[in-house]
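**Q** To start, I am sharing the structure in question, which I have written as structure tokens.
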Amino acid sequence: MTLFRASIGAALIAALLFLTVPILAIFLDTSPGQLLDSLGDPSARDALLLSLQTTTLALAIILVVGTPAAYQLATRRFRGRSVVLTLVELPLVLPPAVAGIGLLAALGPRGLFGGALAGAHVDLVLQKAGVVVALVFVAAPFYLRQAVAAFSAVDPSVVQASRTLGASEAVTLARVVIPSAVSGLAAGTALAWGRALGEFGATLMFAGSFRGITQTVPLGIYDRFSDDFPGALALSAVLVLVSAALLLSVKLLGGGRGLAAR
Amino acid sequence: MGSLRVEAEVELGTFGLDLALDVEPGHCLAVAGPSGAGKSTLLRIAAGLLRPRTGRVSCGDTVWLDTARGVDVAPERRGCGYVFQDYALFEHLRVWQNVGYALPRRERRARAAPLLERFGLTALAEQRPATLSGGERQRVALARALARRPSVLLLDEPLSALDARTRAGATRELAALLREAEVPCLLVTHDFTEAAMLGDEVAVVDAGRLVQRGTPAALSAAPGSAFVADFTGAVVLRGVARPRAQGLTIVDLDGGGQVTSTDAAEGAVAASVYPWDIAIEPAGAGHTGSARNRLLAEVASVTAVGGRVRLGLLAGQPLAAEVSEAAALELGLTPGTRVAATWKATATRLIPG
Numbered sequence: 001m002t003l004f005r006a007s008i009g010a011a012l013i014a015a016l017l018f019l020t021v022p023i024l025a026i027f028l029d030t031s032p033g034q035l036l037d038s039l040g041d042p043s044a045r046d047a048l049l050l051s052l053q054t055t056t057l058a059l060a061i062i063l064v065v066g067t068p069a070a071y072q073l074a075t076r077r078f079r080g081r082s083v084v085l086t087l088v089e090l091p092l093v094l095p096p097a098v099a100g101i102g103l104l105a106a107l108g109p110r111g112l113f114g115g116a117l118a119g120a121h122v123d124l125v126l127q128k129a130g131v132v133v134a135l136v137f138v139a140a141p142f143y144l145r146q147a148v149a150a151f152s153a154v155d156p157s158v159v160q161a162s163r164t165l166g167a168s169e170a171v172t173l174a175r176v177v178i179p180s181a182v183s184g185l186a187a188g189t190a191l192a193w194g195r196a197l198g199e200f201g202a203t204l205m206f207a208g209s210f211r212g213i214t215q216t217v218p219l220g221i222y223d224r225f226s227d228d229f230p231g232a233l234a235l236s237a238v239l240v241l242v243s244a245a246l247l248l249s250v251k252l253l254g255g256g257r258g259l260a261a262r
Numbered sequence: 001m002g003s004l005r006v007e008a009e010v011e012l013g014t015f016g017l018d019l020a021l022d023v024e025p026g027h028c029l030a031v032a033g034p035s036g037a038g039k040s041t042l043l044r045i046a047a048g049l050l051r052p053r054t055g056r057v058s059c060g061d062t063v064w065l066d067t068a069r070g071v072d073v074a075p076e077r078r079g080c081g082y083v084f085q086d087y088a089l090f091e092h093l094r095v096w097q098n099v100g101y102a103l104p105r106r107e108r109r110a111r112a113a114p115l116l117e118r119f120g121l122t123a124l125a126e127q128r129p130a131t132l133s134g135g136e137r138q139r140v141a142l143a144r145a146l147a148r149r150p151s152v153l154l155l156d157e158p159l160s161a162l163d164a165r166t167r168a169g170a171t172r173e174l175a176a177l178l179r180e181a182e183v184p185c186l187l188v189t190h191d192f193t194e195a196a197m198l199g200d201e202v203a204v205v206d207a208g209r210l211v212q213r214g215t216p217a218a219l220s221a222a223p224g225s226a227f228v229a230d231f232t233g234a235v236v237l238r239g240v241a242r243p244r245a246q247g248l249t250i251v252d253l254d255g256g257g258q259v260t261s262t263d264a265a266e267g268a269v270a271a272s273v274y275p276w277d278i279a280i281e282p283a284g285a286g287h288t289g290s291a292r293n294r295l296l297a298e299v300a301s302v303t304a305v306g307g308r309v310r311l312g313l314l315a316g317q318p319l320a321a322e323v324s325e326a327a328a329l330e331l332g333l334t335p336g337t338r339v340a341a342t343w344k345a346t347a348t349r350l351i352p353g
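One line per chain: the protein sequences are A and B, in this order.
Using the numbering used here, you'd call the opening residue of the first sequence number 1 and step up by one each time.
Using the numbering used here, you'd call the opening residue of the second sequence number 1 and step up by one each time.
Next comes the structure, spelled out in structure tokens:
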């Protein structure tokens with residue numbers, strides 16, 4: 001074995017250990033009994049329910065608005081397209097605290113649109129709706145990026161074939177483009193959902209951490225971590241299981257259809 | 001049923017496309033030219049997939065595009081049957097769903113069935129395109145394009161995605177389909193032999209311009225330029241082949257006469273020979289030398305193309321030969337001269353079809 005082979009092998013093992021040991025540790029430190037106990041705790045159940053509700057709603061918004069937007073970005077050549085692409089990806093590299101400040105500056109009571117929102121009796125800050133806004137803001141770029149790539153990879157002649165066969169652009173999108181891009185769209189959904197489930201900083205700053213109203217699972221874990229470390233561990237284990245299950249099912253769903261499409 | 005007329009001007013990178021073509025119902029015009037000559041662009045303009053800077057496209061009395069009057073009918077409302085170069089099948093749909101794509105949802109399965117039957121796809125109806133061979137994919141693409149009873153048929157290199165073995169059969173089937181078609185058919189190909197076998201007429205296009213249009217035989221016999229003379233390549237003679245001893249095949253030509261080839265074949269064939277492989281001698285001379293093929297012919301046309309002379313010959317079927325200017329002068333070749341055209345069996349290719 002050459003030195004080169006040995007060193008790339010060692011690098012892979014190091015990466016694998018470093019990335020999996022903390023996740024394994026959560027389960028090794030939590031007994032199944034503790035896991036069940038923590039699920040029995042009403043505040044933990046509230047947090048879990050809230051996380052599922054808000055991430056589902058955020059994902060629905062991202063899919064409904066993001067899919068046509070990504071299609072537009074992938075298929076139309078217009079002036080300033082690369083600028084638009086960079087702008088929608090910007091939240092990817094934004095530190096969560098900055099995202100929270102930004103949301104407050106834009107939609108907070110004293111923000112740019114604070115007056116307009118108050119006039120329309122829309123209250124976001126410290127509200128469940130605020131959690132959804134924060135989740136959409138941080139998670140949408142993950143979906144958009146994947147969706148643009150997936151739509152760009154669809155063979156243009158297949159789209160044209162659909163048009164010559166009597167299907168309008170909208171019908172073609174539904175019957176050909178989305179089914180052809182489904183595995184990429186599923187991967188984007190999984191990434192965005194994962195990001196939304198783990199969202200912490202922007203939610204904390206924009207929506208706060210109130211039990212039953214805005215305290216999602218990551219905020220609940222942080223809440224416990226100073227005085228109830230085992231409780232925090234147990235809730236973490238639940239979050240890992242829930243995210244893994246969600247991501248796996250989305251990937252399998254899209255991957256299965258994608259496989260059939262191939 | 002109306003004629004298809006396409007006139008278009010469009011910028012294409014290094015050159016501009018400037019073409020006007022028309023095709024009558026029941027006819028097939030094969031647009032042939034080298035790669036990048038703007039052939040596919042013409043089809044895309046006809047189908048409404050590309051809007052030219054200026055142009056007019058009409059089918060019968062219906063105007064699909066008129067840039068001067070601001071008319072531009074969407075592709076889905078033009079009713080073009082389009083066969084794409086790589087067939088562009090919907091990989092996520094089954095064969096029957098591909099064929100029935102253009103049909104209303106409720107009638108899809110029922111109305112796809114006779115098309116599947118006609119194209120020999122019934123047994124493959126539940127398969128997905130990825131599992132099909134090249135020839136099967138081509139038949140799916142044809143069936144799909146015909147399902148909506150299109151008012152024109154547009155075919156982009158319909159045989160180029162096929163391997164040589166499949167191509168012979170597919171050419172025969174496609175030629176039969178085009179003969180039966182009652183609508184105008186516009187086909188583009190980079191291969192003149194293919195154009196000659198599928199088109200009633202061939203339009204040779206180079207760098208976005210129409211160079212010459214005519215029947216395949218007329219183009220071979222009297223090319224308008226050296227480009228057309230080179231591009232037309234081989235002359236195609238149709239006949240029926242039967243094997244003979246010593247590795248030779250005899251072809252009884254439709255319309256009389258026989259040619260010999262070293263290619264093996266049996267049944268209906270197209271025998272091809274390059275005009276520059278054909279030698280001309282006075283009709284009275286005896287048969288000498290190694291050339292096994294000798295057809296008596298009458299010179300129909302004499303066309304000078306850049307230092308050489310293309311002879312259009314009538315010998316049962318139209319034939320073309322190419323000789324030097326000096327030879328043409330020495331033999332006194334003018335229309336009406338009786339000559340013998342000779343060439344070697346080894347210069348005769350046989351294509352099943």
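Quick reminder that beta carbons are idealized off the backbone N, C-alpha and C, glycines included.
Strictly below 7 Å CB to CB, what residues from chain A border B:ASP362?
**A** Summary: the structure shown does not reach residue 362 of chain B, with chain B confined to residues 1 through 353, and so no result is reported for it.
**Q** At which residues does the alpha helix (DSSP H) containing A:SER82 begin and terminate?
**A** Note, A:SER82: alpha helix (DSSP H), 81-93.
**Q** I'd like to know whether the C-beta atoms of B:ALA8 and B:THR54 end up nearer to each other than 9 Å.
**A** Against a cut-off of 9 Å, the Cβ pair of B:THR54 and B:ALA8 comes out as a contact.
**Q** Can you give me the Cβ contacts of A:LEU259 inside the same chain, cut-off strictly under 7 Å, excluding the 5 residues immediately before and after it?
**A** For A:LEU259, the pLDDT reaches just 41, beneath the cut-off of 50, and the residue's location in the model is therefore unreliable, leaving the point undetermined.
**Q** Please state if the CB of B:ARG144 and the CB of B:VAL99 are separated by a distance shorter than 9 Å.
**A** Their beta carbons are under 9 Å apart, which means B:VAL99 touches B:ARG144 by this criterion.
**Q** Do B:LEU29 and B:ASP191 count as a contact pair if the criterion is CB distance below 9 Å?
**A** Not in contact: B:ASP191 and B:LEU29 (Cβ atoms no closer than 9 Å).
**Q** How should B:THR41 be labelled, buried or exposed, when 16 other C-beta atoms within 10 angstroms of its C-beta is the threshold for buried?
**A** With 16 or more other Cβ atoms within 10 Å, it is buried.
**Q** Go ahead and pull the three-state DSSP assignment for B:THR54.
**A** B:THR54 falls in the strand class under three-state DSSP.
**Q** Taking a Cβ distance cut-off of 7 Å, strictly less, list which residues of the stretch 219-253 of chain A are near chain B, in chain order.
**A** Within the stretch 219-253 of chain A, no residue qualifies.
**Q** Quick one: give me the first and last residue of the beta strand (DSSP E) that B:GLN212 is part of.
**A** Start and end: 209-214.
**Q** Which partner residues does B:PHE15 have in the DSSP bridge list?
**A** B:LEU12, per the DSSP bridge assignment.
**Q** Interface residues of chain A around B:ARG148 at Cβ under 8 Å?
**A** Within chain A, the residues near B:ARG148 are LEU165, GLY166.
**Q** Among A:PRO95, A:ALA74, A:THR2, which residue has its Cα nearest to the Cα of A:LEU85?
**A** Of A:PRO95, A:ALA74, A:THR2, the residue nearest in Cα terms is A:ALA74.
**Q** Determine, using beta carbons only, whether A:SER162 comes closer than 9 Å to chain B.
**A** At least one chain B Cβ lies under 9 Å of A:SER162.
**Q** Output yes or no for whether 9 Å exceeds the beta carbon distance between A:GLY111 and A:THR214.
**A** Cβ distance not < 9 Å, so A:GLY111 and A:THR214 don't count as in contact.
**Q** Under a CB-based cut-off of 9 Å, is A:ARG76 close to chain B?
**A** Cβ-Cβ to chain B under 9 Å: no for A:ARG76.
**Q** Can you give me the Cβ contacts of B:ALA222 inside the same chain, cut-off strictly under 7 Å, excluding the 5 residues immediately before and after it?
**A** Correct list, in chain order: SER301, THR303, ARG310, GLY312.
**Q** Closer than 9 Å, CB to CB, is A:SER152 near chain B or not?
**A** Taking Cβ atoms only, chain B never reaches closer than 9 Å to A:SER152, which makes this a no.
**Q** Would you check if the stretch 86-93 of chain B and the stretch 43-61 of chain B touch, i.e. whether three or more CB-CB distances between them fall below 8 Å?
**A** Result no; under three Cβ-Cβ pairs closer than 8 Å.
**Q** With a threshold of 9 Å between beta carbons, is B:HIS190 in contact with chain A?
**A** No, no contact with chain A.
**Q** Using the Cβ count rule (16 or more neighbours within 10 Å means buried), how would you classify A:SER226?
**A** A:SER226 is exposed by the Cβ-count criterion.
**Q** Please tell me whether B:VAL23 and B:LEU186 are closer than 9 Å, where the distance is taken between their beta carbons.
**A** Yes, the Cβ-Cβ distance between B:VAL23 and B:LEU186 is below 9 Å.
**Q** What is the DSSP secondary structure of B:GLY100, reduced to helix, strand or coil?
**A** Coil.
**Q** For a quick check, are the C-beta atoms of B:GLU281 and B:THR348 less than 9 Å apart?
**A** Cβ atoms of B:GLU281 and B:THR348: not closer than 9 Å.
**Q** Cβ of A:VAL176 less than 9 Å from any chain B Cβ?
**A** Yes, A:VAL176 counts as interfacial toward chain B.
**Q** To the nearest angstrom, report how far apart A:ARG257 and A:VAL182 are at their CA atoms.
**A** Below a pLDDT of 50, predicted positions are generally treated as unreliable, and A:ARG257, at 48, falls in that range; the measurement from the model is reported next regardless. Computed Cα separation, rounded: 7 Å.
**Q** Tell me which residues share the same chain as B:VAL211 and place their Cβ nearer than 7 Å to its Cβ, disregarding the 5 neighbours each side in the sequence.
**A** The residues are VAL204, VAL205, GLY224, SER225, PHE227, VAL228.
**Q** Flag this pair as yes or no: are the beta carbons of A:THR277 and A:THR216 separated by less than 9 Å?
**A** There is simply no residue 277 of chain A to check, as chain A begins at 1 and stops at 262 in what is shown.
**Q** Closer than 7 Å, Cβ to Cβ, to anything on chain A: give me those residues from the stretch 94-125 of chain B, in chain order.
**A** The stretch 94-125 of chain B vs chain A, Cβ under 7 Å: TYR101, ALA102.
**Q** Output the residue ranges of the beta strand (DSSP E) runs that lie fully inside the stretch 231-315 of chain B and measure 3 residues or longer, sorted by chain position.
**A** Runs of the beta strand (DSSP E) inside the stretch 231-315 of chain B: 235-244, 248-253, 258-261, 267-273, 279-282, 293-305, 308-315.
**Q** Chain A beta carbons: is any one of them nearer than 9 Å to that of B:PRO216?
**A** By this cut-off, B:PRO216 is not an interface position.
**Q** Pick helix, strand or coil for B:VAL152, following the three-state DSSP scheme.
**A** DSSP places B:VAL152 in strand when its eight states are reduced to three.
**Q** What residue from A:VAL83, A:PHE18, A:ALA140 has the CA that sits closest to A:LEU57's CA?
**A** Nearest of A:VAL83, A:PHE18, A:ALA140 to A:LEU57, Cα basis: A:ALA140.
**Q** When you compare only the Cα positions, how much space is there between A:PHE18 and A:ALA10?
**A** Spanning the two alpha carbons is a distance of roughly 12 Å.
**Q** Whole alpha helix (DSSP H) runs in the stretch 130-209 of chain B with 4 or more residues, listed along the chain?
**A** With a minimum length of 4 residues, the continuous alpha helix (DSSP H) runs that stay inside the stretch 130-209 of chain B are 134-146, 164-180, 192-198.
**Q** Quickly, what does DSSP pair B:SER324 with across the bridge? List them, please.
**A** In DSSP, B:SER324 forms a bridge with B:ARG308.
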